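Protein chains in written order, with the numbering used here: chain D, 2 to 77; chain C, 13 to 196.
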Amino acid sequence: MDVITRTVDARGQSCPGPLVTLARALVSAERGDLLELLATDPGSKSDVPSWSKLTGNELLDAGEDAGTFRYVVRKA
Amino acid sequence: MVATEADALRGLIDEAMAERDRGELNKKNKITIVAWDGHLDRVWPTLILATTAAASGMEVSVFFTFWGLFALVKPEKRGTGKDWMTKALSAMNPAAMKRAKLSRYNFGGMGPWMLGKVAKRYKTPHPTELLELAQEMGVRLLPCQMTMDLMGVSKDDLIDGLGEPIGAATALLEMKESAIQLFI
Numbered sequence: 002m003d004v005i006t007r008t009v010d011a012r013g014q015s016c017p018g019p020l021v022t023l024a025r026a027l028v029s030a031e032r033g034d035l036l037e038l039l040a041t042d043p044g045s046k047s048d049v050p051s052w053s054k055l056t057g058n059e060l061l062d063a064g065e066d067a068g069t070f071r072y073v074v075r076k077a
Numbered sequence: 013m014v015a016t017e018a019d020a021l022r023g024l025i026d027e028a029m030a031e032r033d034r035g036e037l038n039k040k041n042k043i044t045i046v047a048w049d050g051h052l053d054r055v056w057p058t059l060i061l062a063t064t065a066a067a068s069g070m071e072v073s074v075f076f077t078f079w080g081l082f083a084l085v086k087p088e089k090r091g092t093g094k095d096w097m098t099k100a101l102s103a104m105n106p107a108a109m110k111r112a113k114l115s116r117y118n119f120g121g122m123g124p125w126m127l128g129k130v131a132k133r134y135k136t137p138h139p140t141e142l143l144e145l146a147q148e149m150g151v152r153l154l155p156c157q158m159t160m161d162l163m164g165v166s167k168d169d170l171i172d173g174l175g176e177p178i179g180a181a182t183a184l185l186e187m188k189e190s191a192i193q194l195f196i
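Below is the structure:
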């Protein structure tokens, strides 16, 4: 079972907030680290997968629970 | 005869394909945006795209020319200009991002004020914050030298931390090596 290295809380932030917060957190992460992103911006549903394609950081999981979107990303 | 013509045609196609591939290779993971318009509703998406591109690992250059240049004027500067004409131009045109007008529905400042309120409610960063964020993220903000001369804007009038002022040829080079070029 993979362990989340760090949780990035971008709840309440709007475009481009969540991606900028995630990108910043990624700078201090190691290759292979799993980062969990929490967001409430509905735009993140399309933006996080697009960002993953652009950057090559793998999107392992995406889901929604009670208005919070949760994404798990592996740093490339 | 027909076979040689087909061969010649195939040769031409191969050559064109190879040239296209070479062209693609010259393009970096980079975006260059020409910020020509200084209106709030133009500079805002420009800076959202710039910061998002930086967050996506792209190299980003934004070339501020004509009215777009005024987005880079220091907030405390009420006006710019070296003679009566450039001063008059500056008086008609709001300097600094925080005083930028909307291109439509401005209603004497009511439009930008309401948009600012709504943005705050949805925690959408204002262009003033996005400009700072862009700088922190390594976005190159490049003022247009020609606009500076034409409009009488000095380096002292502009915010700190900008790239060296550049000309059209450098802007073209930035665009040529970019995978994405936009004029906003």
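We put the beta carbon where it would ideally sit given N, CA and C, even for glycine. Treat the numbers as computed from the prediction; the structure is a model and nothing was measured.
Query                                                                                                                                                             : Result
I believe C16 of chain D touches I43 of chain C by the beta-carbon criterion, under 8 Å. Please report the beta-carbon distance rounded to the nearest angstrom.  : Between I43 of chain C and C16 of chain D the Cβ distance is about 17 Å, and since that is not below 8 Å, they are no contact.
When DSSP labels each residue in this structure, what does K86 of chain C get in the three-state scheme?                                                          : coil
Could you check whether T56 of chain D and S68 of chain C sit closer than 7 Å to each other, using their CB atoms as the reference points?                        : yes
Please list the terminal residues of the continuous alpha helix (DSSP H) segment that includes G128 of chain C.                                                   : M122 to R133
When Cβ atoms are compared, which residues of the region 133–145 of chain C fall closer than 9 Å to chain D?                                                      : Y134, K135, T136, P137, L142 and L145
To the nearest angstrom, how far is it from the Cα of N58 of chain D to the Cα of P19 of chain D?                                                                 : 15 Å
Would you tell me roughly how many angstroms separate the C-alpha atoms of P87 of chain C and R133 of chain C, rounded to the nearest one?                        : 23 Å
Give the C-beta separation of P155 of chain C and L142 of chain C to the nearest angstrom, bearing in mind that I take them to be a contact with Cβ-Cβ under 8 Å. : Not a contact, Cβ separation roughly 17 Å.
List the residues of chain C that S15 of chain D touches, going by C-beta distances under 9 Å, in chain order.                                                    : A131, Y134, K135, T136 and P137
Exposed or buried, what is I45 of chain C when buried is set at 16 or more other beta-carbons lying within 10 Å of its beta-carbon?                               : buried
Please state whether the Cβ-Cβ distance between W79 of chain C and D53 of chain C is less than 7 Å.                                                               : no
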